[in-house]
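This report concerns only the one structure given below.
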Amino acid sequence: MMTLAQYLNHHSANPAVTELITTVTDVGKTISQLLQKGALADILGEAGNQNVQGEEQKKLDVLANDLLLEALADNKHCAGVASEELDHATPANKDGSLLILFDPLDGSSNIDINMAVGTIFSILPYQRQGQISADEDFLQAGNQQLAAGYLLYGTSTVLTLTIDDNVAMFSLDPDSGDYLLIEEQVQISADTSEYAINASNYRYWQPPMQQYIDELIAGKTGVRGRDFNTRWVAAMVGDVHRILCRGGLFTYPFDTKDPNKAGKLRLMYEANPMSLLIERAGGMATDAITRILDIEPTDIHQRVPVVLGSKNEVAYVKQLHSAHNES
Ligand code: AHG
Ligand code: MN
Ligand code: MN
């Protein structure tokens, strides 16, 4: 079977990207080992502080962030690091040609209950080589990403990656410690009968999203004429992985639960890298109006509504929003 190193050798046109991915995926092995030990490695529970977004940090949020930051700061290609858990981006090597952004631990509420969590990353070009990087350098649309991917720490550890037109999946072999290629050209079915949403927020959604979910729940007795099924991992990385494996729709829509947030998910650390993977696998990713990858960011921590997955289903949600906005 092909190792990740061999895959990168064949597919990556940019040796700096290869080295950065190698650094991230090496840290992923450490996080995976810590998760396997769980309580025995003293990684569960609260860290006792909040991140810049006012969210309680878990011990593993902090640990995963520190491990990634430390390893990436040492990488000569890395000009700066931005993370969901850091107030501001951290400059690294000013002569580096790349910026990296990550959600070190996605699905934090799953850590303490032994459920799937992940690490999401996005790599952007650095435009001011030779000068010290700052937050503004990261404010590039998702369509500028040179690479993106995630590590899913589930029953096994899986790496999903895009560095060219393809999306590839690797499984971490605990015996050899290598990531081995399991799928070279991931493709998502255009249609689906599975959807993921936290329906407890229903009363905060906008009318077109309420209408969409009402239609799915009505199933074959309603306008859709067939039944749908819900799945919710409570870690985007798990829901996106399921969609890449067997299709589906995932949404964390606009809601009015917290007037300071346009949605729950973060554009730079979650929505952009996942949208690149989904689009390259033949799916679609939108905020219900605009293509996610075309959103021009104004803040490294900004939030965005997300609807992604099987193309025809996502297009239908978008159509409901357009019809509502025009009426
Ligand atoms: P994070 O743990 O990085 O803060 O992200 C959690 C996100 C996302 O992964 C998941 O889809 C969603 O929050 C879960 O939200 P609910 O708590 O509403 O289920
Ligand atoms: Mn997350
Ligand atoms: Mn996180």
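Residue numbers (our numbering): 171 to 497.
Ideal Cβ placement from N, Cα and C applies to all residues, glycine included.
Model, not experiment: these values are computed from the prediction.
Using only the heavy atoms of ligand 1, determine whether one of them is closer than 6 angstroms to the beta carbon of M438. no
Where W375 falls, given that 16 or more other Cβ within 10 Å makes a residue buried: buried
Using DSSP bridges, identify the partner residues of N399. E364
Below 6 angstroms, is the gap between the Cβ of S278 and the nearest heavy atom of ligand 1? yes
Thinking A186 and S267 are a contact (beta carbons under 8 angstroms), I'd like their distance in whole angstroms, please. 5 angstroms
What are the partner residues of A338, as DSSP defines its beta bridges? L331
So L447 packs on V337, CB below 8 angstroms; how close in whole Å? 5 angstroms
Exposed or buried, which one is P377 when buried takes at least 16 other CB atoms within 10 Å? exposed
Have a look at the DSSP bridge pairing and note the partners of V477. T421, T456
Below 8 angstroms, how does it come out for the stretch 399-406 and the stretch 277-292: are there three or more Cβ pairs, yes or no? yes
Residues that DSSP places opposite E353 in a beta bridge: M339
So for R461, helix, strand or coil by DSSP? strand
Leaving out five residues before and five after E216 in sequence, what residues of the same chain have Cβ atoms less than 8 angstroms from its Cβ? E226, Q227, K228, K229
Report buried or exposed for D244, applying the criterion of at least 16 other Cβ atoms within 10 angstroms of its Cβ. exposed
Take the Cβ of T400 as the centre, count every other Cβ of all protein chains shown within 10 Å, and call the residue buried at 16 or more, exposed below. exposed
What residue does the alpha helix (DSSP H) around Q500 start on, and which one ends it? No statement about residue 500 is possible, as the shown extent of the chain runs from 171 to 497 and does not include it.
How long is the line joining the alpha carbons of I290 and L269, rounded to whole angstroms? 14 angstroms
Within 6 angstroms: the Cβ of D273 and any heavy atom of ligand 2? yes
Do A405 and ligand 1 come close, with the Cβ less than 6 angstroms from some heavy atom? yes
In the DSSP assignment, find the unbroken beta strand (DSSP E) run with A318 in it and report its ends. 317-323
In the structure shown, what three-state DSSP assignment does S346 receive? coil
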